[in-house]
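In the numbering used here, the protein residues as written are 4 to 98.
Here it is, written out as structure tokens:
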């Protein structure tokens with residue numbers, strides 16, 4: 004009888020340990036899911052910004068082509084700034 008009681012205690016302790024582990028893992032899964040949702044949202048925002056910058060870049064390139072070489076330096080500088088910002092956004096996406 005004592006052996007049976009000891010086995011029941013062992014099983015009970017093991018079940019309690021497994022329940023604690025389950026709760027800890029469940030909390031970890033919830034945290035990871037939350038972090039994933041935040042990252043997906045961040046990626047969407049950055050992708051939208053990239054699209055916006057690429058459109059602006061295209062407009063500036065078109066404008067520069069029409070302007071010729073006279074006022075091209077300021078436009079070229081703005082295009083370079085936009086390209087750098089696009090590169091920065093892409094780098095953030097790759098992180």
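Ideal placement from N, C-alpha and C gives every residue a C-beta, glycine not left out.
Being a predicted model, the structure only gives us computed values, none of them experimental.
- Distance between residue 49 and residue 35, taken at the CA atoms: about 21 Å.
- The shortest CA-to-CA distance from residue 93 to any of 27, 66, 63, 47 is the one to 47.
- Spatial neighbours of residue 52 in its own chain (CB-CB distance under 7 Å, excluding positions within 5 residues in sequence) are listed in chain order as 92.
- By the C-beta criterion, the segment 55–71 is judged not to be in contact with the segment 14–24, since fewer than 3 inter-stretch pairs fall below 8 Å.
- Around residue 88, the same chain offers 56 as residues with beta carbons nearer than 7 Å, after the five sequence neighbours per side are excluded.
- In this model, residue 23 and residue 30 are separated by some 11 Å (Cα to Cα).
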